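So the structure is just underneath, and the comments pick up after that.
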Amino acid sequence: CPKCQFLRKEKWLFKENNNILPVKYFHVVFTIPSEINPLMLNNKKFLYSLLFKTVSDTLKKVSKNKKYLNCIPGFLCILHTWGQTLSYHPHIHVLITGGGISADKSKWIDSKEKFFLPIRVLSKLFKSIFLFHLKKSFHKNFLTIPKSCEELKEPSHFQKLMNDLYSKKWVVYTKQPFQNPDSVIKYLGRYTHRI
18 CPKCQFLRKE KWLFKENNNI LPVKYFHVVF TIPSEINPLM LNNKKFLYSL
68 LFKTVSDTLK KVSKNKKYLN CIPGFLCILH TWGQTLSYHP HIHVLITGGG
118 ISADKSKWID SKEKFFLPIR VLSKLFKSIF LFHLKKSFHK NFLTIPKSCE
168 ELKEPSHFQK LMNDLYSKKW VVYTKQPFQN PDSVIKYLGR YTHRI
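Residue numbering for the sequence shown follows the numbering used here, starting at 18 and increasing by one per position.
What follows is the structure, given as structure tokens:
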């Protein structure tokens, strides 16, 4: 069916099933503030790529920290560009292993049972990395500024936006861990090929 993409979804899930490890998984969601939406809409390829890179860098950096996991986890990121009301709302869902391989690659390190990584740390680092690259992109003229917010072409207005974004709390949250690897696959199936 071209609308529900059932067959494509099933083929993809069958292939991805080989990548799921027999460990617990956590579900983490990274969301950007709505003030960035006009820029996202007009710079989709560039800013979606930046969003993926920022999420990846954030998870790797915090996971490698000896205070938290001190390991390299496995994870899969899925971009959603809409919210439940079908309004524009870019965010990334992450399925991440509850632990990872040690830095010397000699052993598996489990995370705590109901705790993955500190959300406040993830949120602050996510915001910091994304805004650093966003500002850099603006100064290198990589961004297309839409007419709806043309004032951002002026560096002082762009800086004001940056200040506002730095002062905001960015939303990163962890949902309940998945019961088993099969539930990871079922979760993926609901989101990957829907129109």
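Heads up, the beta-carbon is just placed ideally off N, CA and C, and yes, glycines get one too.
Since this is a predicted model, take the numbers as computed values, not measurements.
Query raised in the report: Out of curiosity, what's the CA-to-CA distance linking K77 and V111?
Result: Each residue's alpha carbon lies about 13 Å from the other.
Query raised in the report: Quick one: any contact between the stretch 159-178 and the stretch 73-90, if contact means 3 or more CB pairs under 8 Å?
Result: No, the stretch 159-178 is not in contact with the stretch 73-90.
**Report entry** Residue of I136, L67, D181, D121 minimising C-alpha distance to K153
**Finding:** If we check each option's Cα against that of K153, L67 comes out closest.
Query raised in the report: Do three or more CB pairs link the stretch 115-127 to the stretch 54-69 at distances below 8 Å?
Result: With a cut-off of 8 Å, the stretch 54-69 and the stretch 115-127 do not count as touching, because too few Cβ pairs lie within range.
**Report entry** Candidates N197, F155, S140: closest to P50 by CA position
**Finding:** Residue S140 is the option with its Cα nearest to P50.
Report task. Counting only the same chain and skipping the five closest in sequence on each side, list residues whose C-beta sits under 7 Å from that of L148. Result -> Taking L148 as the centre and dropping the five residues before and after it, the same chain places the C-beta of M179, L182, Y183 closer than 7 Å to its C-beta, in chain order.
Query - Cβ shell of Y190 (< 6 Å), same chain only, five flanking positions each side left out - result: Cβ contact annotation for Y190 (same chain, cutoff 6 Å, sequence separation greater than five): V46, in chain order.
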